[in-house]
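Trainee: In short: position in the sequence shown from 1, add 2, done, that's our numbering. No residue lacks a Cβ here, since even glycine has one placed at the ideal position from N, Cα and C. Note that the structure is predicted; figures quoted are calculated from it, not measured. What follows is a single structure, and I will ask about it in a moment.
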Amino acid sequence: MTTLRCSAVVVGMLLEASHIDRRAAVVVRSRIDRVLDSGGPRMHFQPIVAVPGGEILGYEALARFPDDRAPDIWFAEAWDVGRGVALEMSAVAAAMRDFPVLDCEGFLTVNLAATSCGEEQVLELLSSGPVDRLVVEITEHSAIDNAAALVAHLAPFRELGGRLAIDDVGIGFSGLTQLVELAPDVIKLDRSLVAGLPDDSPRAALVAAMVAYSGSVGSWLLAEGVEDERTALALQDLGVRFAQGYHFGRPQPTAAGAS
Numbered sequence: 003m004t005t006l007r008c009s010a011v012v013v014g015m016l017l018e019a020s021h022i023d024r025r026a027a028v029v030v031r032s033r034i035d036r037v038l039d040s041g042g043p044r045m046h047f048q049p050i051v052a053v054p055g056g057e058i059l060g061y062e063a064l065a066r067f068p069d070d071r072a073p074d075i076w077f078a079e080a081w082d083v084g085r086g087v088a089l090e091m092s093a094v095a096a097a098m099r100d101f102p103v104l105d106c107e108g109f110l111t112v113n114l115a116a117t118s119c120g121e122e123q124v125l126e127l128l129s130s131g132p133v134d135r136l137v138v139e140i141t142e143h144s145a146i147d148n149a150a151a152l153v154a155h156l157a158p159f160r161e162l163g164g165r166l167a168i169d170d171v172g173i174g175f176s177g178l179t180q181l182v183e184l185a186p187d188v189i190k191l192d193r194s195l196v197a198g199l200p201d202d203s204p205r206a207a208l209v210a211a212m213v214a215y216s217g218s219v220g221s222w223l224l225a226e227g228v229e230d231e232r233t234a235l236a237l238q239d240l241g242v243r244f245a246q247g248y249h250f251g252r253p254q255p256t257a258a259g260a261s
């Protein structure tokens with residue numbers, strides 16, 4: 003009888019926890035659906051520039067939401083409740099809608115998880131815009147467990163002139179083997195590698211190696227998180243020719259996105 007009572011208590015606790023989880027999921031889905039129904043997240047655009055000179059070559063579109071929580075949290079919750087693809091598509095659509103207001107002749111970088119790139123509706127959305135000016139930046143490296151499949155999914159997009167970018171290379175990226183398999187058009191150096199670069203010779207050596215690698219395979223090497231002129235000059239001396247960060251411009255909404 004004692005065993006039965008203990009089992010009943012445990013089962014009751016599990017059922018209660020399950021009920022709370024379901025209730026929390028309903029709240030999260032409702033919050034995300036409100037954003038989707040309103041036309042998606044607000045998009046801010048951060049300039050990507052040439053080094054040296056600071057000429058604006060394009061912009062990265064970054065999603066912003068109606069509270070103080072980080073966008074990563076919103077997207078993580080969306081994936082947890084089955085709204086991940088929908089939320090990413092709404093962000094890409096909003097970026098493509100607002101981008102012309104910037105009157106930029108360069109490119110637009112949009113963020114997508116590797117999982118989303120296998121969805122037909124996502125590829126159709128990408129193909130509906132100026133494909134030769136779009137860069138798809140993969141944001142969810144832990145989910146790239148099949149690089150060959152990702153390359154195959156994006157092949158039609160890239161054949162039309164679209165580009166593939168890989169983020170967090172040097173620190174957060176899951177492996178150099180994947181970097182070779184994906185053969186991205188744009189390699190983005192992680193900000194934690196760029197930070198402190200002027201006074202850190204091991205970091206400088208790694209950046210120099212990436213400059214040599216990107217040049218040999220024909221990829222752009224882009225340093226993100228460039229916060230000051232010393233770092234920009236150090237990158238220039240090492241041969242990095244593309245950068246983004248607060249030193250060059252903070253993410254800002256367009257006039258249309260701010261209204």
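Ile146 lies in the alpha helix (DSSP H); which residues open and close that run?
Mentor: Reading the sequence shown from its first residue, position 144 is the one you call residue 146. It is not in any alpha helix (DSSP H) - Ile146 carries neither H nor E in the DSSP assignment.
Trainee: Restricting to Cα atoms, I'd like to know which of Glu107, Ala115 and Pro255 is closest to Arg85.
Mentor: As a first step, residue 85 is located in the sequence shown; it is residue number 83 there, counting from the start. With distances taken between Cα atoms, Arg85 lies closest to Ala115.
Trainee: If you drop the 5 nearest sequence neighbours on each side, which residues of the same chain put their C-beta closer than 6 Å to that of Trp76?
Mentor: Working through the sequence shown from its first residue, we reach residue 76 at position 74. Within the same chain, Trp76 has close Cβ partners Phe67.
Trainee: Answer with buried or exposed for Ala97, where buried requires no fewer than 16 other C-beta atoms within 10 angstroms of its C-beta.
Mentor: Numbered from its first residue, the sequence shown carries residue 97 at position 95. With 16 or more other Cβ atoms within 10 Å, it is buried.
Trainee: Taking Cβ positions, are Leu64 and Met45 nearer each other than 8 Å?
Mentor: One-based indexing of the sequence shown puts residue 64 at position 62. One-based indexing of the sequence shown puts residue 45 at position 43. Closer than 8 Å, so yes.
Trainee: For Gln48, write down the residues that DSSP places opposite it in a beta bridge.
Mentor: Your numbering for residue 48 matches position 46 in the sequence shown. Glu62, per the DSSP bridge assignment.
Trainee: Taking Leu104 as part of the alpha helix (DSSP H), name the residues at either end of that continuous run.
Mentor: Start at 1 with the first residue of the sequence shown, and residue 104 comes out as number 102. Premise fails: Leu104 is in no alpha helix (DSSP H) and is neither H nor E.
Trainee: Please state the DSSP three-state secondary structure of Asp74.
Mentor: As a first step, residue 74 must be located in the sequence shown, where it is residue number 72. Three-state result, Asp74: helix.
Trainee: Could you say which of Leu127, Gly56, Ser130 and Leu152 lies nearest to Gly120 if we only look at CA atoms?
Mentor: Residue 120 sits at position 118 when you count from the first residue of the sequence shown. The shortest C-alpha separation from Gly120 is found at Leu152.
Trainee: What is the rounded straight-line gap between the Cα of Trp81 and the Cα of Gln123?
Mentor: If you number the sequence shown from 1, residue 81 lands on position 79. If you number the sequence shown from 1, residue 123 lands on position 121. Cα-Cα distance, rounded: 17 Å.
Trainee: Quick one, which of Ile168, Asp147, Asn148 and Glu161 has its alpha-carbon nearest Ile140's?
Mentor: For the purposes of this step, residue 140 is taken as the residue at position 138 of the sequence shown. Of Ile168, Asp147, Asn148 and Glu161, the residue nearest in Cα terms is Ile168.
Trainee: Looking at the unbroken alpha helix (DSSP H) that takes in Glu183, where does it start and where does it end?
Mentor: To locate residue 183, count along the sequence shown from 1; it is residue 181. Taken as a continuous stretch (DSSP letters only), the alpha helix (DSSP H) holding Glu183 covers Leu178 to Leu184.
Trainee: Output the distance between the C-alpha atoms of Leu223 and Arg165, rounded to the nearest integer angstrom.
Mentor: In the sequence shown, counting from the first residue as 1, residue 223 sits at position 221. In the sequence shown, counting from the first residue as 1, residue 165 sits at position 163. Using only the alpha carbons, I get a separation of about 13 Å.
Trainee: Does chain C have any CB closer than 8 Å to the CB of Ala27?
Mentor: No chain C is present in this structure, which holds just one protein chain.
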